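**Student:** I have a structure I would like to understand better, so I am pasting it below and will then ask my questions one at a time.
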């Protein structure tokens, strides 16, 4: 989740990004519990200004960022979109169908947003903290 956070965070119109965990049922996930298979996924939360960048544009960037037709990994690394509004849910589902019509199999889940848990502080803006190493 470090790479996508860094790349999305540089887009015009993106106000802020956070890395964290979502999609599972454990009440207080940690990096260790997520790695251990608690059902949560490493994810990024993106706050954006829709007057500068649209949700559809963010979805386009999402599809550019990874291969959605690869294997279906365990929950920690699964490909997923968790929209926060009904309109976003419809747009996300439509974007999956658009990609599926072009490329075939798409292993990306689209689910209404579940409870968000910020990752530990050392994960936030990780690449910025590690400048010179990466």
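In the numbering used here, the protein residues as written are -12 to 121. C-beta: ideal position from N, C-alpha, C; glycine also. Just so we're clear, the structure is a prediction, and the values are computed from it rather than from any experiment.
Note down, in chain order, each residue of its chain lying with its Cβ closer than 6 Å to the Cβ of residue 52, except the 5 sequence neighbours on either side.
**Tutor:** -9
**Student:** Across the region 65 to 72 and the region 39 to 55, are there enough close Cβ pairs to call them in contact, namely three or more that are closer than 8 Å?
**Tutor:** The answer is yes - the region 39 to 55 touches the region 65 to 72, with three or more Cβ pairs under 8 Å.
**Student:** Using only CA atoms, which one of -11, 24, 13 and 16 lies nearest to residue 123?
**Tutor:** Given that the chain is displayed from residue -12 to residue 121, the structure contains no residue 123 and the question cannot be resolved.
**Student:** Pull up the distance between the alpha-carbon of residue 16 and that of residue 112, whole angstroms please.
**Tutor:** 19 Å
**Student:** Mind checking who residue 5 pairs with in its DSSP beta bridge?
**Tutor:** 32.
**Student:** Quick check: the region 22 to 37 against the region 72 to 92, are there 3 or more CB pairs under 8 Å?
**Tutor:** Verdict: no, contact absent.
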